[in-house]
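**Student:** Got a structure here, written out as C-alpha cells. Questions coming.
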C-alpha cells in the first residue's frame, strides 16, 4: 500500500486522471458539499412547507385582490435553469478527465445562462412587487420570501462559478477538480429545488 | 508513538513530524490555530465562562423564588434572566462544551486521525460560536435582553408586544450560532466517514463516535428549520411581514411548529454526546466491553432519527386535532426504547463487570439515576391528557432539568475528570472529586426533585413570584437551598481541577488502562496525535495488544507514518479501507476574519442598516475567496 | 429489623405520606380532582407513578447489586454468559417497555383522552366565553348581556362548554381540579369542558408565559347550585342599579369624568372602555386584579392610586384623585352589587 | 448453498434492512400529517379530504415495506451466520449491520402500526 496516491499533490491532466482512477470513495470535498446541500434543502423545504401550512390556514388563496400567478414564463424559466445542469455535469466529467480547457468553457457557458435566468427573474420579481406587497398579507410574505430564497441560492451558485473560474486560471489541481465537481452538484441541487419552488409558487394556478 | 522507540529511524521520523506539525506559539498561534485540540480547549474555556453566566442567572432565579412575593428582581428583570438562563445554558454551554470541546478534542483521537476533515472550518465554527455568544450577551449588557423565554412564542415575541431589540438579539444571535453548529456538524460527519484509521469499519468504531455521528446528523437537519423560523420572525419584526400575524393570514402556531421541529431534536442533541461520554467511561472503570454493543450503537442513531417525529408533544395543549397528536404520541413512546436499551446495557455492564467507583464512574452512576427519573417523567408526557395537565408547570421544569442537568451535564462533569489527565498530563485529586460529586448530586436532587411535587400542586413555570397561601413556599425554599448546595459542588469541582493543573500528580499516557485510542498518545497529545496511524481490529483498540505492537513495527518501517507534510489518510466510509493521503491546511488567519466579517453583518442587520450589512457580506465573500486561494498542498 | 431500623423505616414512611398529603391539599392541585376529566388524569398519574417506581427501584437494585458484586465478574447465578446478558438487555430494554408503552398508549390516548378532549357542543348545557387579556380574564355569557372578570361562575354538575380566545398574546386557561389546560391562541377558538362534581371554589392560573405579570393572572371558578347560579347570572346581566344617595351619584360622576371611563365599562353609565375589565358588578367579586389582592376598601384604594406597586408592568396607569373625590369613587365602586 | 449465497446482493440487503422501515415510517408520518393539517384547519371548510382513507393506505404500504426490511435483515443475518469463516468479505461488518437492521425494522414496524391504527381509530378533526 506504500504507493497510495497523495491526491492533493496531483496537478495537471495526467495526474488528475490517475488520482480519479484508483480513488475508492468520494473525496472529502464531495461529502462536504453533499452535507451543505442537505442543510440548504432542509431550509428550502421548511419554507415550502410553510407555504402549504399558510395555504391551509386560508379559505381564499391567494387572498382577494391578488391575481393567481401567471404560469407560462416561470415554467419556461424553470426549464432554462434545468438545462444548465447539462453543461455543469459535462464540466464535472471533463475535470475528472483532467481536461481544464473544456471545464472552463462549459462553466462559462452555464454561468451565462444562469446569469440570464437570474436577470429575468429579478425583472419578474419587480413586476410582482408592483402588483402586491410582501408586507400586506401572509400570502405575499411567503410568496416573496420563497422566491427570493431560491434566487439567493442561484446568486450564490453564480459567485461559486466566478470563484472556481478564478482558481482555474492557474490550471487544474485535484483540489480545484473536486471544487468543480462540488459546484456541479450544488447546481443540480439548485435546479431540483427550482422545480419544487416554482411548482409551489404556481400551485394556485395549476 | 508514545512508547519508548529505540531505533534511530523511528526517532528520526518522530522528530520530522514534530518539526512539520510544530505550532506557532503565542496569542497569534491561538487566533489562527486549526489544531482540533487547541480549538477544543478554546471551546472548553468559552463554554465554561457561559456556564458561569448561566449559573449566576439560575441562582438569581432561585433567590427571587426563595419566598412568596419577594422583590430581588422586578418582573421584567426576572423574565430577561430566565430567558438568558435558558438560551445561555442550551446554546452557549451544554452543546458547545459537549460537541465543541469534547467532540473536537477527542473524536479525531478516537478514530486514529491527525485532525478533523476540514481544520479551517473547525476554527471558523469556534470563532462564530464565540462571536454569537458575545453578540447575545451584548444585548444583556445594553439592557435589551430577550425576555420571551427560550422558545420565544409569538405574538409575545412580535414587535407589538416586545418592541425593544431583545428579540432581535435572540433571533440574529441564534441564526449566527446555528451557522456555527451546522458547519461543525458537517465537519464531524465527514471526519467520521472519511478519516477513520484504515481497518476501523463501522462495527469497530467506538460508541463515542456513534453518539457524535448521530448528534451531527440531528444538528445538520434541525438547525436550518430554526434559521427559517428566526428569519421569518426577523422579517415580521423589522419589515412588517405577516408570517405569524393572524390578522393578515399568518398563524402563531406556525412559529411553534417550526421551532419545535428544531426544538426536540435539539434536546436530543444535548443528551446524545452525554451518552457518548457515558459509553466511553463505563467500559474503562468496569474493565469489560459494553454489553450488547450493536444495540447501544443503534440506540444512539435511533434517538436522533425518531427525534424528528415527536415535536408536537410540546404543543398538545394548543388545540391540535386528536388524530394529529396521536401520531406524535406514538413516536414519543417509541423513542423510549433506545433509552431503555442504553440504560439497561449500561447497568448490565456495571453488574457483570468489576466496577471501580472512581470519580468519573460516580458521575456516570449519578447520570444513570437522574436519567431514569427524567426518562420516566418524560414517558408520562407522551400520554396526551397527562401532558395537557402538566405541561408548562414545574413538573416539566423538573423533567427537563433532570434530563439536561442530571443526564447531560453529569457526564460532561464526569468527562472533565476522566479526560483531565489526558488533556493536562496531571491527575485530579480523587478525594476532592468524590466529595464534589456527592455535593453536586445532593444539590441537584434537592433542587430539582421537589419541582415534581410543585408541578403536581399546580405551580406554573416562569412565575416571577407566587402567593403565600398556595402550599408552594416550603418546596421553593428547599429548592433554593438545594441550588446553593449545587453551586457549591460546582465551585468545588472548579477548585479541584484548577488546583490539579499545577499540583496534580503526573498522570502518564494511560492512567485508566482505557480501551479507546486517545490513550495511545502522550498526555497531552502531540500536535500530530499519532506518529503512526494505529492499526484497529475492534472498538476497544487499546485492549488489543497485538495491534499496538504492530504500530511499533509500522513506525520503524515507516508504514502509515506519513511525514511528508500535514498529512492524514482517508478511508472508505463503511469499511475504512485505506483510500488516499490528503494534505491538511495548518494555521490560517481566514477563519477568524470570516467570523469577524459575519459578526459585523449580524450587528448591522440588528440595527437595520441593510446596506452596511451588505458591505460586510461582500467582505465575507472576499475572505472566502482568499480562504480558497492558498490550497493545502501549498501551505 | 433492629429497633433503630424499624424506627427509621416508620420515619421514612411518615415523611413520604406527609409529602403526598401535602401534594393532595392546596386549592390548585392536580391531585385533588373534582371532575371526571381531572380524576381520570390523576388516576393515570398514580398508575404511571407506580410503574415508574417499579422501574426506578428495580434499576437502583441492579446498581446496588453491581456495587456489592464489584469484585466478581458476570451475573450472580449464571456467571459470564454473554448471550444471557444480551438477552436480558433485549427483554428489559425492548420487550417489556414495548408492552407497557402499548398499554399506556391505548389507555391514555384513547380512553382518558375521550374525557379530556374538546366536548361536542351538543353534549354541553351552556357555553361561556373566556377571553385572555394581558393579565386578566374577561368572561362573557353568550345569550345574556352578563360580562365579568377573573371569577367564572358555573352551575355545579353541569357540562359547561368554555370557548377560550385571546385579544393579545397566547395565554392558557387552566383550572387543574376541573380539567386540563387549553391554550388561548390568536385566531383559534379552542374549547374545553368545565364540569364540577359538587359546588365549590376552584382556583386556576394562566399557564402559558404571557409577559411580566403572567404570575398574577389567576382566576376562580365558582361552582354553584343551579338556582343560585341563575340568580347570580340574572344580577350580572342587569346594568348597574342607579346610585341611591347623593354621595354615590357624585362618585359615579367623578368616575365617568375621570380616565377610568376610557378603559372600563359600567353598564348603565356612559363608561364604555374596552381595555380593562367590566366593573358593572365589581362589588360581587371576592378579589381584584386577577386574584392578586382581596376586594376590600384598603386594597381597592391602594390599587387605584398605584397599580404598579401591586402589579409592576400592569397596563393600568395610576389615577390621581383628590381626597373627597377619591372617597366618593371608592364608595361608588363598593356599591356596585 | 454457497452458490446461492454469492448471488445475494449483500450490500443491498444491508441498506434496505437498515433504511427501509425508517423511511417507510417517515413517509407514512408525512402523508398522515399533511392530510390532518389540510383538513383540520380553515381550508378544511372548503373541501373534505379522505383523511382516514389515506391514513389506512399509508399504514398498509409502510407496514409492508417495514416487514420487507425486516426480512432483508433476517436473510442477511442468516446468510452471514451460516457462512463459514472468511468466505464472505466484511462478514463482521455485515453481521453487525444485520443485527442493527433486525432491531430497527421491528421497532419501526411497531411504530408504523401504533401510529397508523391510532390515527385510524380517532375521529377526524376533533380538537384535543
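Protein chains in written order, with this note's numbering: chain A, 376 to 581; chain B, 2 to 636; chain C, 101 to 437; chain D, 525 to 652. For every residue, glycine included, the Cβ atom is placed at its ideal position computed from N, Cα and C. Keep in mind that this is a model prediction, so the values were computed, not measured.
1) Taking 9 Å as the CB-CB cut-off, is residue 582(D) touching chain A?
2) Whole angstroms is fine: what's the gap from residue 310(B)'s alpha carbon to residue 184(C)'s?
3) At 3 residues or longer, what runs of the beta strand (DSSP E) sit wholly inside the region 357–445 of chain B?
4) Any contact of the region 463–481 of chain A with the region 288–306 of chain B, i.e. 3+ C-beta pairs under 8 Å?
5) Is the separation between the beta-carbon of residue 471(A) and that of residue 381(A) shorter than 9 Å?
6) From the beta carbon of residue 575(A), is the nearest beta carbon of chain B less than 9 Å away?
7) Quick one: list the residues of chain B neighbouring residue 422(A), beta-carbon separation under 8 Å, in chain order.
8) So, at 8 Å on beta carbons, what are the nonlocal neighbours of residue 431(C) in its own chain, with the 5 sequence-adjacent residues on each side left out?
9) Assign residue 412(C) to one of three DSSP states: helix, strand, or coil.
10) Is DSSP giving residue 421(C) helix, strand or coil here?
11) Name, please, each residue of chain D whose Cβ falls closer than 9 Å to the Cβ of residue 320(B).
12) Near residue 216(B), what residues of its chain come up, given a Cβ to Cβ distance below 7 Å and the 5 sequence neighbours on each side ignored?
13) Check the Cβ of residue 205(C) against every Cβ in chain D and list those closer than 8 Å, keeping chain order.
14) Counting only Cβ pairs nearer than 9 Å, list the residues of chain A close to residue 561(D).
15) For residue 179(C), which beta-bridge partners are listed by DSSP?
16) Using three-state DSSP, classify residue 650(D) as helix, strand or coil.
17) Note down, in chain order, all residues in the region 524–558 of chain B with a beta-carbon under 8 Å from any beta-carbon belonging to chain A.
18) Assuming contact is defined by CB atoms lying nearer than 9 Å, are residue 449(B) and residue 476(B) in contact in what I supplied?
19) Note down, in chain order, all residues in the region 324–351 of chain B with a beta-carbon under 7 Å from any beta-carbon belonging to chain D.
20) Does residue 534(D) have its Cβ less than 9 Å from a Cβ in chain C?
21) Please list the terminal residues of the continuous alpha helix (DSSP H) segment that includes residue 260(B).
22) Quick one, which of 221(B), 10(B), 391(B) and 337(B) has its alpha-carbon nearest residue 138(C)'s?
23) Give me the Cβ distance between residue 357(C) and residue 373(C), rounded to the nearest whole Å; I'm assuming they're in contact under 8 Å.
24) Spell out whether any CB of chain D is found under 9 Å from the CB atom of residue 279(C).
25) Going by the beta-carbon positions, is the gap between residue 541(D) and residue 593(D) smaller than 9 Å?
26) Quick check on residue 505(B): does DSSP put it in helix, strand or coil?
27) Can you tell me which of the three DSSP states residue 263(C) falls into?
28) Using the Cα positions of residue 581(B) and residue 577(A), report the straight-line distance between them to the nearest angstrom.
29) Mind checking whether the beta-carbon of residue 189(B) lies closer than 8 Å to any heavy atom of the ligand HEM?
30) Quick one: which residues of the region 576–604 of chain B get their C-beta closer than 8 Å to a C-beta of chain G? List them in chain order.
31) Taking buried to mean at least 16 other C-beta atoms within 10 Å of its own C-beta, is residue 520(B) buried or exposed?
32) To the nearest angstrom, report how far apart residue 431(A) and residue 390(C) are at their CA atoms.
33) Measuring only the C-alpha atoms, how far is residue 512(A) from residue 562(D)?
34) Residues in its own chain within less than 8 Å of residue 250(B) by CB, not counting five upstream and five downstream?
35) Excluding five sequence neighbours on each side, which residues of the same chain lie with their C-beta closer than 6 Å to the C-beta of residue 576(B)?
36) Between the alpha carbons of residue 528(B) and residue 19(B), how many angstroms are there, rounded?
**Tutor:** The structure says:
1) No, residue 582(D) does not count as interfacial toward chain A.
2) One C-alpha to the other measures close to 33 Å.
3) Here no run is fully enclosed.
4) No, because fewer than three Cβ pairs between the region 463–481 of chain A and the region 288–306 of chain B fall closer than 8 Å, the two stretches do not touch.
5) At the C-beta level, residue 471(A) and residue 381(A) stay beyond 9 Å of one another.
6) Residue-level contact check: residue 575(A) does not touch chain B, since none of the beta carbons of chain B fall below 9 Å from its beta carbon.
7) The answer, in chain order, is 229.
8) Same-chain partners within the cutoff: 347, 348 and 351.
9) Of the three classes helix, strand and coil, the one that applies to residue 412(C) here is coil, per DSSP.
10) Reduced to three states, the DSSP call for residue 421(C) is coil.
11) Chain D residues near residue 320(B): 651 and 652.
12) 100, 270, 273, 274 and 305.
13) Here the neighbours are 638 and 642.
14) Identification of chain A residues near residue 561(D) by a Cβ-Cβ cut-off of 9 Å yields 427, 428 and 431, ordered along the chain.
15) Paired residue(s): 175(C).
16) Residue 650(D) carries a coil assignment under DSSP once its states are collapsed to helix, strand and coil.
17) Listed by position, the residues of the region 524–558 of chain B near chain A (Cβ gap below 8 Å) amount to none.
18) Cβ distance not < 9 Å, so residue 449(B) and residue 476(B) don't count as in contact.
19) Result list: 324, 325, 326, 327, 328, 331, 332, 335 and 338.
20) Interface criterion not met: the Cβ of residue 534(D) is under 9 Å from no Cβ in chain C.
21) In the DSSP assignment, residue 260(B) falls within the alpha helix (DSSP H) that extends over 253–287.
22) Selection 221(B), 10(B), 391(B) and 337(B) evaluated against residue 138(C) yields 391(B) as nearest (Cα-Cα).
23) The C-beta distance from residue 357(C) to residue 373(C) rounds to 13 Å, too long to fall under 8 Å, and the pair is not in contact.
24) Not a single C-beta of chain D is nearer than 9 Å to the C-beta of residue 279(C).
25) Cβ distance < 9 Å, so residue 541(D) and residue 593(D) count as in contact.
26) DSSP places residue 505(B) in coil when its eight states are reduced to three.
27) Correct three-state label for residue 263(C): strand.
28) Going from the Cα of residue 581(B) to the Cα of residue 577(A) covers about 48 Å.
29) In the structure on display, the ligand HEM does not appear, and there are no ligands present to speak of.
30) Annotation note: the requested chain G is absent from the structure, which comprises protein chains A, B, C and D.
31) By the neighbour-count rule (16 or more Cβ atoms within 10 Å), residue 520(B) is buried.
32) Linking residue 431(A) to residue 390(C) through their CA atoms gives a straight-line distance of about 37 Å.
33) Their backbone Cα atoms lie some 20 Å apart in a straight line.
34) Answer for residue 250(B): 243, listed in chain order.
35) Closer than 6 Å at Cβ, skipping near neighbours: 202.
36) Rounded to the nearest angstrom, the two C-alpha atoms are 8 Å apart.
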